[in-house]
Structure formats: C-alpha cells, structure tokens
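Enquirer:
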Amino acid sequence: DKKAPGDNYLITGWHLTDACEIWLEALTRTGQGHRIDILPSPPATLAPEILPDRKWLLVTTGKLSAARLKQVERWQQQVISLEIVAL
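And the structure:
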C-alpha cells in the first residue's frame with residue numbers, strides 16, 4: 176500500500192550468487208515498516224540513475240572490489256539514496 180507509512184525502496188541484486196537473497200532482504204525490510212518494490216532477478220546491466228528519485232537497496236555477496244566501490248560512489252551521486260547490503 177503506497178499510502179501506508181514508511182519509506183519506499185527498490186531492491187535488486189548486484190553480483191549476487193543466489194537471487195533468493197533479494198527476497199529474504201525484502202522480507203526483513205518489510206518487517207521493519209518499509210515498503211519494498213522488488214526486481215526479482217538482477218538485471219544484466221544495473222543503472223540506478225534511470226530512477227534517481229528512488230531509494231535503492233542492492234544486495235550483493237562478498238567484499239566489494241575497488242572497482243565496484245567506485246561504481247557505488249558514482250551511483251550514490253546520481254540517486255537520492257543507494258545502500259549496499261553485503262552478505
């Protein structure tokens with residue numbers, strides 16, 4: 176329900192080995208009072224800047240490399256909010 180209180184998030188995977196992790200994180204966030212829209216399978220090319228007014232949650236596995244950290248920094252400058260959930 177878009178009128179319910181809480182923040183709206185768009186969640187997807189990024190360099191993720193198991194897409195089920197997206198759903199598990201969405202369930203956790205929903206239980207915290209957030210409203211979640213899910214991209215259930217990670218897109219071939221991720222471009223959060225296409226929807227800059229959304230709050231993004233990117234679920235990923237492992238430690239981020241220097242190149243991936245740099246990409247995250249670029250995206251964070253282009254969107255209202257982008258959070259990495261490292262598993």
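The number in the numbering used here is simply the position in the sequence shown, starting from 1, with 175 added. Idealized CB from N, CA, C, for every residue including glycine.
1) Residue range of the alpha helix (DSSP H) that Gly206 falls in?
2) Indicate whether Ile213 and Ile186 have their beta-carbon atoms separated by less than 7 Å.
3) Per DSSP, what kind of secondary structure is Val234 in: helix, strand or coil?
4) Using 8 Å for Cβ pairs, my map puts Val260 next to Leu232. What's the rounded Cβ distance?
5) Determine the closest residue to Pro180 out of Leu199, Thr205, Ile197, Leu191, with distance taken between C-alpha atoms.
6) Roughly how many whole angstroms lie between the Cα atoms of Ile225 and Thr192?
Expert: Considering the structure as presented:
1) As a working mapping, residue 206 is identified with position 31 in the sequence shown. Per DSSP, Gly206 belongs to the alpha helix (DSSP H) from 195-206.
2) Along the sequence shown, read from residue 1 onward, the residue named residue 213 stands at position 38. Along the sequence shown, read from residue 1 onward, the residue named residue 186 stands at position 11. Against a cut-off of 7 Å, the Cβ pair of Ile186 and Ile213 comes out as a contact.
3) Reading the sequence shown from its first residue, position 59 is the one you call residue 234. Three-state result, Val234: strand.
4) Numbered from 1 along the sequence shown, position 85 holds the residue referred to as residue 260. Numbered from 1 along the sequence shown, position 57 holds the residue referred to as residue 232. Right, the Cβ-Cβ distance comes to about 6 Å (below 8 Å), so this counts as a contact.
5) The residue you call residue 180 lines up with position 5 of the sequence shown. Scanning Leu199, Thr205, Ile197, Leu191 for the CA closest to the CA of Pro180 turns up Thr205.
6) The sequence position of residue 225 within the sequence shown is 50, counting from 1. The sequence position of residue 192 within the sequence shown is 17, counting from 1. Looking at the two C-alpha atoms, the distance is approximately 24 Å.
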